[in-house]
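Student: Below is a structure I'd like to ask you about.
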Amino acid sequence: MAILEILTKENPRLRVKANRVPRVDDTVRRLMDDMVETMLDAPGVGLAATQVGVSQRVMVMKVDNQLYTLANPEVIRSSGEQVGFEGCLSVPGYIGEVARAEKVTMRALNRNGKEVRIKGEGLLARAIQHEIDHLDGVLFIDKMGPIAKLASRGSLNAFEREYRQAQRRGEIPPDVDIEKALTDLEREGPDSPPVL
Ligand SMILES: [Zn+2]
3 MAILEILTKE
13 NPRLRVKANR
23 VPRVDDTVRR
33 LMDDMVETML
43 DAPGVGLAAT
53 QVGVSQRVMV
63 MKVDNQLYTL
73 ANPEVIRSSG
83 EQVGFEGCLS
93 VPGYIGEVAR
103 AEKVTMRALN
113 RNGKEVRIKG
123 EGLLARAIQH
133 EIDHLDGVLF
143 IDKMGPIAKL
153 ASRGSLNAFE
163 REYRQAQRRG
173 EIPPDVDIEK
183 ALTDLEREGP
193 DSPPVL
């Protein structure tokens, strides 16, 4: 097993849509094992192959002490909505509030190449959607609203400056009050959101 390098957000390889795995063989299983080691070391709750520069539809997760190693994951059913904070190993230091389906059913191949269906809700559903987004070249910051995106960038001064600039560029309506935006964001600020 080996700890792999995790690509970070400017890397164009994070934007590539990954290919389906034709067959779960020893090479794919080795990748899964290295990804698990990398995820646990980081530490994170989930990791997609795209994040370690491999353009194959492989993902791993550890949720509620259960380890998942999967290939060709697909959401076949989803329902409800959850809005909550998440982070990403490829976007270090950022957290953001993202709306996701509350429940999903996923079809995938397990490490033996057998088709499995996994039903998840809450954090498991959030992790499944976050990792499949990675395999499609999508980062969670793409799904955040403009105000939340600015607030995730760190210091209040930087937020205020960028907020004013965004307002000037017309990305945020001029009548949205900065105080209100901050209050809304702080209301549900998490201590330690899941890093996916
Ligand atoms: Zn991520």
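Read in order, the letters of the sequence shown correspond to residues 3 to 198 in the working numbering. Cβ atoms here follow ideal geometry from the backbone N, Cα and C, with glycine treated the same way. Keep in mind it's a predicted model, so treat the numbers as computed, not measured.
Sorted by chain position, which residues of the same chain lie with C-beta nearer than 8 angstroms to Tyr70's C-beta, five sequence neighbours on each side aside?
Tutor: Same-chain partners within the cutoff: Met61, Val62, Met63, Lys64 and Ile120.
Student: Enumerate in chain order the residues of its own chain whose CB-to-CB distance from Ile8 is below 8 angstroms, with the five nearest sequence positions on each side excluded.
Tutor: Contacts found: Thr40, Ala44, Leu49, Gln53, Val54, Leu91 and Ser92.
Student: Do you know whose CA, among Pro94, Gly139, Ile143 and Asp144, lies nearest Ala20's CA?
Tutor: Measuring from the Cα of Ala20, the nearest candidate turns out to be Gly139.
Student: Considering only their Cβ atoms, is the gap separating Met108 from Val77 smaller than 8 angstroms?
Tutor: For Val77 and Met108, yes; Cβs fall inside 8 angstroms.
Student: When you measure from the CB of Ser57 to every non-hydrogen atom of ligand 1, does any distance come out below 7 angstroms?
Tutor: Result no, Cβ not under 7 angstroms from ligand 1.
Student: Report buried or exposed for Met146, applying the criterion of at least 16 other Cβ atoms within 10 angstroms of its Cβ.
Tutor: Answer is buried; the Cβ neighbour count reaches 16.
Student: Specify the secondary structure class of Lys19 as computed by DSSP and reduced to three states.
Tutor: It is coil, neither helix nor strand.
Student: Is any non-hydrogen atom of ligand 1 found closer than 7 angstroms to the C-beta of Ser194, if you look at the structure I gave you?
Tutor: Because no heavy atom of ligand 1 lies under 7 angstroms away, the Cβ of Ser194 does not count as near it: no.
Student: At a cut-off of 7 angstroms, is Ser92 close to ligand 1 when judged by its beta-carbon and the heavy atoms of the ligand?
Tutor: Yes, the Cβ of Ser92 comes within 7 angstroms of a heavy atom of ligand 1.
Student: At which residues does the alpha helix (DSSP H) containing Glu1 begin and terminate?
Tutor: No answer is possible for residue 1: it lies beyond the span of the chain, which begins at 3 and ends at 198.
Student: With distances taken from CA atoms, which of Gly82, Asn114 and Pro75 is nearest Val26?
Tutor: When only C-alpha atoms are compared, the closest one is Asn114.
Student: Less than 8 angstroms between the CB atoms is what I'm expecting for Asn67 and Leu111, so what's the real figure, rounded?
Tutor: Asn67 to Leu111, Cβ: 22 angstroms. No contact.
Student: Classify Val37 as buried or exposed, calling it buried when 16 or more other Cβ atoms lie within 10 Å of its own Cβ.
Tutor: According to the sequence shown, residue 37 is Met rather than Val. So Met37 ends up on the buried side.
Student: Between the beta-carbon of Pro196 and the beta-carbon of Glu88, is there less than 8 angstroms?
Tutor: Yes, they are a contact pair.
Student: Check Val38 in the structure and name its three-state DSSP category.
Tutor: It is helical.
Student: Quick one: grab the DSSP three-state call for Glu104.
Tutor: Glu104 falls in the coil class under three-state DSSP.
Student: Would you grab the beta carbon distance between Ala127 and Ala103 for me? Rounded to a whole angstrom, and I think it's under 8 angstroms.
Tutor: That belief holds up - the Cβ atoms of Ala127 and Ala103 are roughly 6 angstroms apart, short of 8 angstroms.
Student: For a test of your reading of the model: does the CB of Leu6 fall under 7 angstroms from any non-hydrogen atom of ligand 1? Yes or no.
Tutor: No.
Student: Does Arg235 pass the burial test, meaning 16 or more other C-beta atoms within 10 Å, or should it be called exposed?
Tutor: Residue 235 lies beyond the range of the chain shown here (3 to 198); nothing can be said about it.
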